[in-house]
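Student: Below is one structure. I have some questions about it.
In my numbering, the protein residues as written are 1039 to 1166.
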């Protein structure tokens, strides 16, 4: 159960690293902002700072989960700290996926991508 939790949590974290790259590094590319339903360069420029901030939020969650995954391989208090970090990070990712799904039908695919790996990692980590 523990190895499965670590693998799925790592997948969820890596997805959030990809989200960071899209939102904070590559945002002004039409192929990137178009994935988010943004139709024009002007619209993308208007919300660029918000996307930049959101990307770093995703990177912070990913970092916390990845540190937690490493600590899960330890014993004693390091294991407990790792489990706590993975549970917190994947719970935040899962909630964000639910919130994204609630914003409209067009976001359900993206919300599923954000929610399901994180939620599965959350359940597996709690059970570990």
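Even for Gly, the Cβ is constructed at its ideal location relative to N, Cα and C.
No experiment lies behind these values; they were computed from the predicted model shown.
Anyone know if the C-beta pair for residue 1093 and residue 1117 falls short of 8 Å?
Tutor: Not a contact, by the Cβ cut-off of 8 Å.
Student: With DSSP run on the structure shown, which of helix, strand or coil describes residue 1093?
Tutor: Note: residue 1093 maps to helix in three-state DSSP.
Student: So for residue 1175, helix, strand or coil by DSSP?
Tutor: The requested residue 1175 is not part of the displayed model; the chain covers only 1039 to 1166.
Student: Just the Cα atoms here: how many angstroms apart are residue 1156 and residue 1071?
Tutor: The straight-line gap from Cα to Cα measures roughly 24 Å.
Student: Leaving out five residues on either side along the sequence, give the residues of the same chain with a beta carbon under 6 Å from the beta carbon of residue 1060.
Tutor: Excluding residues within five positions, the ones whose Cβ falls inside 6 Å are 1070.
Student: How would you write the range of the alpha helix (DSSP H) that residue 1154 sits in, first residue to last?
Tutor: Note, residue 1154: alpha helix (DSSP H), 1146 to 1165.
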